[in-house]
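Remarks on the structure that follows.
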Amino acid sequence: MCATCRPFAPDLVCDSLSRCALLEGARDPKHEKVVRVSTDGTVKSPDFPHTYPRNKALVWRLIAASENTQIRLTFDERFGLEEPEDGICKYDFVEIEEPAEGTILGRWCGSQRPGRQVSKGNQIRIRFVSDQYLPSKPGFCIHYSLVAASATNSQHWHVNKCPTSVPPSLHSVDVLTAAVSGFSTVEDVMKYLEPDRWQLDMENLYKPTWHALGKTFLHPKKSRVDLNALKEEVRLYSCTPRNFSVSLREELRRTDAIFWPGCLLVKRCGGNCACCAYGCHDCQCAPAKVTKKYHEVLQLKLRSGGRGLQKSLTDVHLEHHEECACICKDSSRG
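Under numbering that gives the first Met the number 0, the sequence shown has 178 at position 179, and the numbering climbs by one with no breaks.
Okay, structure coming up:
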């Protein structure tokens with residue numbers, strides 16, 4: 000076993016590139032989970048449709064009750080495993096095997112959704128392998144259903160749905176506004192809205208559509224607008240700590256002394272809160288983290304009895320705001 004393989008996983012084997020794979024464990028019959036198929040169901044990668052775990056070797060053997068019944072497998076359109084290398088699925092993959100003949104019907108990885116598979120007999124084996132590197136999402140989910148041997152060519156059947164979450168497009172405007180405002184890049188927004196096709200949506204953002212062709216030709220874009228830069232610019236100049244000059248006599252409430260310099264720079268929260276929580280009517284920029292810092296200045300004080308000025312270096316204690324946040328005052332009114 001190569002050095003990169005986990006010492007507590009003896010069924011790991013390595014390829015020529017020292018990437019570990021759980022092939023041996025995945026082929027061991029004792030690792031199989033036997034599923035007696037009497038109705039429709041699903042087999043899925045752990046945590047589907049989210050990132051699957053590393054170092055997994057899972058095998059399902061589906062067995063139909065009747066020998067004259069075949070098993071049909073249909074992959075959910077959400078499919079994503081680690082990309083192939085040189086066109087070969089070496090590391091993370093899902094594999095379909097015909098147990099009776101010991102033949103592999105197919106092995107898949109990457110983002111290309113596999114086609115429909117039908118067993119020749121009443122059994123079929125599904126094997127999932129992930130190594131210790133680069134897990135992806137959403138993984139896979141396979142719908143299985145029973146079909147009589149004479150009905151193999153039928154194109155219509157019931158599908159038991161895979162687990163899913165409510166798509167963002169079905170959320171209310173308020174919920175969507177709050178969710179989208181929390182992302183820092185346009186890529187993150189697109190991933191949230193369309194996790195399966197966000198890259199295509201990014202490419203289409205700047206393509207002219209039919210109703211904008213005239214304007215596009217009359218006023219061609221010379222450069223691609225950097226939405227991320229716009230977002231960052233707003234963040235930098237909204238509610239953030241910034242330099243303010245303060246009068247030491249007013250800040251310290253001292254009327255018995257003269258300070259030089261009379262003003263110092265401090266960090267204080269400033270800027271507006273236009274992008275505060277949706278629906279908030281009284282949003283204020285307030286300090287979220289405050290520290291006290293010492294500043295050495297020249298202090299002049301009148302001596303008693305008209306004996307002139309007392310000159311000394313002294314430390315003054317000033318408040319600095321290190322972090323700021325937009326606080327909705329409406330919520331504090333009960």
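From the three backbone atoms N, C-alpha and C, an ideal C-beta is built for every residue, glycine too. Bear in mind the structure is a predicted one, so any value in this text is a computation, not a measurement.
The ligand GTP heavy atom lying under 7 angstroms from the CB of residue i
{"i": "P113", "result": "The model depicted lacks the ligand GTP and carries no ligand whatsoever."}
Where residue i sits in the DSSP three-state scheme
{"i": "D75", "result": "coil"}
{"i": "T176", "result": "helix"}
{"i": "Q131", "result": "coil"}
{"i": "G40", "result": "strand"}
{"i": "R234", "result": "helix"}
{"i": "G138", "result": "strand"}
{"i": "E193", "result": "coil"}
{"i": "D225", "result": "coil"}
Whole-Å CB distance - residue i paired with residue j, under 8 angstroms assumed
{"i": "L57", "j": "G138", "result": "The Cβ separation is near 11 angstroms, so there is no contact."}
{"i": "C327", "j": "C268", "result": "Contact doesn't hold; Cβ gap of about 15 angstroms is too wide."}
{"i": "T41", "j": "I103", "result": "T41 to I103, Cβ: 22 angstroms. No contact."}
{"i": "R71", "j": "Y143", "result": "7 angstroms"}
{"i": "C262", "j": "S237", "result": "Between S237 and C262 the Cβ distance is about 25 angstroms, and since that is not below 8 angstroms, they are no contact."}
{"i": "R112", "j": "E94", "result": "Wrong, their Cβ atoms sit about 15 angstroms apart, outside the cutoff."}
{"i": "C274", "j": "S180", "result": "6 angstroms"}
{"i": "Q69", "j": "S118", "result": "5 angstroms"}
Cβ neighbour criterion (16 or more within 10 Å) applied to residue i
{"i": "E334", "result": "Nothing can be reported for residue 334, as the shown portion of the chain is limited to 0 through 333."}
{"i": "N54", "result": "buried"}
{"i": "D75", "result": "buried"}
{"i": "I121", "result": "Note that residue 121 is Asn in the sequence shown here, rather than Ile. N121 comes out buried."}
{"i": "R124", "result": "buried"}
{"i": "A64", "result": "exposed"}
{"i": "R126", "result": "buried"}
{"i": "H320", "result": "buried"}
{"i": "S244", "result": "exposed"}
{"i": "Q198", "result": "exposed"}
Please specify which runs of the alpha helix (DSSP H), each continuous and at least 4 residues long, are wholly inside the stretch 247-294, giving them in chain order. 247-251
Could you name each continuous beta strand (DSSP E) segment of 3 residues or more that falls completely within the stretch 84-120, going from the start of the chain to the end? 92-97 and 102-107
Between the stretch 307-319 and the stretch 285-294, do three or more beta carbon pairs fall short of 8 angstroms? yes
Taking only runs of the beta strand (DSSP E) that begin and end inside the stretch 43-71, which ones reach a length of at least 3 residues, in chain order? 55-63
Cβ pair count under 8 angstroms reaching 3, the stretch 125-137 against the stretch 82-92: yes
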